[in-house]
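Here is the structure we will look at, set down as structure tokens.
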Ligand code: RIB
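Residue numbers (the working numbering): 304 to 613.
Set out below in structure tokens:
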């Protein structure tokens with residue numbers, strides 16, 4: 304039986320220009336390649352989890368336009384359960400304008416469109432899937448009422464909730480207390496704690512602050528350095544893989560999707576973080592969000608027996 308992961312989140316089409324370096328404000332930089340790629344933090348994480356072997360239900364809103372049609376086709380090709388995806392005729396599908404510099408770093412502007420209409424009722428219609436899932440995976444590219452409703456619904460059935468707090472914003476303690484695993488990157492950690500973690504010691508201090516706010520487990524992603532985890536069963540840095548990054552877009556999404564699959568399979572936290580590090584490392588060696596997300600075979604994970612978890 305495959306582990307069941309429920310993702311509530313955004314879907315975008317990414318319009319990407321690859322360039323030798325990112326422009327400064329007001330500057331024009333020539334020489335870019337243009338790529339259109341499926342994206343959106345929610346969709347990326349859902350696709351990442353599906354490619355790594357989970358049965359994934361995705362709750363989202365997309366427009367009734369051509370971009371929405373294309374997204375649905377992509378989801379079907381990746382085997383997502385799409386019955387809770389709402390087609391919204393009042394807004395266009397989400398679009399992200401992305402610039403990727405020569406060092407793989409990016410700048411992204413998002414026009415949320417239909418993603419901004421996702422509400423509690425959309426999550427509520429997926430109650431059956433919430434009851435059946437082993438892990439719920441959330442990000443912050445959808446309205447906060449939908450996130451809060453999803454977290455409440457999950458806590459009613461004691462479902463493990465992973466919240467990837469991206470894009471960064473301040474979160475109140477009522478929400479944090481209901482999160483099983485919070486997965487900020489360094490920037491998001493600084494916004495949540497006032498500490499910018501650049502090494503293991505800084506990550507440990509920041510994680511401690513988040514645990515004090517009521518989160519059960521914290522996993523702080525530190526790029527190529529790996530990820531620092533802390534919770535009731537201990538803490539530690541799980542080193543990342545050394546790879547040459549050409550596009551870091553969706554590295555965090557690859558990480559979160561993989562983490563959800565591993566935890567839903569009943570793996571312990573350290574092993575799950577290591578698995579997630581591997582998925583993120585592969586994703587940065589390829590261009591685009593969903594095109595960069597790896598499949599289970601690529602992780603050298605032949606020995607991984609995916610279980611249905613809890
Ligand atoms: O996390 C990467 C994603 O952020 C991109 O795919 C883009 O759509 C933005 O949502």
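Virtual Cβ for every residue (Gly too), placed ideally from N, Cα, C.
task = Please go through the same chain and pick out, in chain order, the residues whose beta-carbon is closer than 8 Å to the beta-carbon of residue 606, but skip the five residues on each side of it.
result = Confidence in residue 606 is poor, its pLDDT being 46 and thus under 50, which makes the residue's placement unreliable; the coordinate value appears in the next sentence. The answer is none, since no qualifying residue turns up.
query = So does residue 343 have its beta carbon nearer than 6 Å to some heavy atom of the ligand RIB?
reply = Yes; taking the cut-off as 6 Å, the Cβ of residue 343 has a heavy atom of the ligand RIB nearer than that.
message = Using a Cβ-Cβ cutoff of less than 6 Å, which residues in the same chain neighbour residue 395 once the five nearest sequence positions on both sides are dropped?
response = So the qualifying residues of the chain are 366, 368 and 416.
key: Exposure of residue 333, with buried meaning 16 or more beta-carbon neighbours within 10 Å   = By the neighbour-count rule (16 or more Cβ atoms within 10 Å), residue 333 is not buried but exposed.
ask   = What are the start and end residues of the alpha helix (DSSP H) that includes residue 364?
value = Premise fails: residue 364 lies in the beta strand (DSSP E), 358-366, not in any alpha helix (DSSP H).
query = Regarding residue 359 and the ligand RIB, is the C-beta to nearest heavy atom distance less than 6 Å?
reply = If you check the C-beta of residue 359 against the ligand RIB, you find no heavy atom less than 6 Å away.
inquiry  = So, for residue 543: in the same chain, excluding its five sequence neighbours on each side, which residues have a beta-carbon less than 8 Å away from its beta-carbon?
reply    = Around residue 543, the same chain offers 525, 526, 527, 528, 529, 530, 580, 583 and 584 as residues with beta carbons nearer than 8 Å, after the five sequence neighbours per side are excluded.
key: Separation of residue 316 from residue 392, as counted between CA atoms   = Approximately 17 Å between the Cα atoms of the pair.
query = Per DSSP, which one or two residues make a beta bridge with residue 316?
reply = 341 and 398, per the DSSP bridge assignment.
task = Return the chain-ordered list of same chain residues with a C-beta closer than 6 Å to the C-beta of residue 557, the five sequence neighbours on each side being excluded.
result = The residues are 351, 582, 583, 586 and 596.
inquiry  = Please determine whether the Cβ atom of residue 353 lies at a distance below 6 Å from any heavy atom of the ligand RIB.
reply    = Residue 353 Cβ: outside cutoff for every heavy atom of the ligand RIB.
inquiry  = For residue 458 and residue 308, which I take to be in contact (beta-carbon distance under 8 Å), what is that distance rounded to the nearest angstrom?
reply    = Not quite, the Cβ-Cβ distance comes to about 17 Å (not below 8 Å), so this is no contact.
inquiry  = Please return the same chain residues whose Cβ sits closer than 7 Å to the Cβ of residue 613, not counting the five positions on each side in sequence.
reply    = Any answer about residue 613 is weak, because its pLDDT of 42 lies below 50 and its placement is not dependable; what the coordinates show is given next. 437 and 569.
key: Closer than 6 Å: residue 588 CB and nearest the ligand RIB heavy atom   = No; taking the cut-off as 6 Å, the Cβ of residue 588 has no heavy atom of the ligand RIB nearer than that.
ask   = In the DSSP assignment, what residue or residues form a beta bridge with residue 391?
value = In DSSP, residue 391 forms a bridge with 366.
inquiry  = In this structure, how does DSSP classify residue 454 when only helix, strand and coil are distinguished?
reply    = In the three-state DSSP reduction, residue 454 falls in the helix class (H, G or I).
request  = Let me know the secondary structure DSSP gives residue 546 once reduced to three states.
outcome  = If DSSP states are grouped into helix, strand and coil, residue 546 belongs with coil.
ask   = In whole angstroms, what is the alpha-carbon distance linking residue 472 and residue 323?
value = Cα to Cα, the separation comes out at about 30 Å.
task = Hey, could you find the ends of the alpha helix (DSSP H) residue 430 is sitting in?
result = 430-435 is the span of the alpha helix (DSSP H), which, as asked, contains residue 430.
query = Is the CB-CB distance between residue 464 and residue 449 below 7 Å?
reply = Judged by their CB atoms, residue 464 and residue 449 are not nearer to each other than the 7 Å cut-off.
inquiry  = For residue 399 and residue 414, what's the separation of their Cα atoms in angstroms?
reply    = Rounded to whole angstroms, the separation of the alpha carbons of residue 414 and residue 399 is 6 Å.
Residue 328, buried or exposed, once every other Cβ within 10 Å from all chains shown has been counted against 16 = Residue burial is scored here from C-beta neighbours: residue 328 has fewer than 16 other C-beta atoms within 10 angstroms and is therefore classed as exposed.
request  = Look up residue 346 in the DSSP assignment and say whether it is helix, strand or coil.
outcome  = Reduced to three states, the DSSP call for residue 346 is helix.
query = Just to confirm, are residue 517 and residue 479 a CB contact at a threshold of 7 Å?
reply = Taking 7 Å as the Cβ cut-off, residue 517 and residue 479 qualify as a contacting pair.
query = What is the DSSP secondary structure of residue 466, counted as helix, strand or coil?
reply = The answer is strand: DSSP assigns residue 466 an E or B state.
ask   = With contact counted as at least three CB pairs below 8 Å, one residue from each stretch, are the region 484-492 and the region 588-603 in contact?
value = No: the two stretches stay apart, fewer than three of their Cβ pairs being nearer than 8 Å.
task = Tell me whether the beta-carbon of residue 344 lies closer than 7 Å to the beta-carbon of residue 420.
result = No. Outside cutoff.
Residue interval of the beta strand (DSSP E) (run including residue 523) = Here the beta strand (DSSP E) through residue 523 covers 520-524.
task = Would you identify the three-state DSSP class for residue 421, choosing helix, strand or coil?
result = Coil at residue 421, not helix or strand.
task = Put residue 440 into one of helix, strand or coil per three-state DSSP.
result = DSSP places residue 440 in the strand class (E or B) of the three-state scheme.
query = Would the beta-carbon of residue 553 fall within 7 Å of that of residue 409?
reply = Taking the C-beta atoms as reference points, residue 409 is found no nearer than 7 Å to residue 553.
query = Mind checking residue 405: buried by the 16 CB within 10 Å criterion, or exposed?
reply = Exposed, by the Cβ-count rule.
query = Run through DSSP, which three-state label would residue 330 get?
reply = Here DSSP, grouped into helix, strand and coil, assigns residue 330 to coil.
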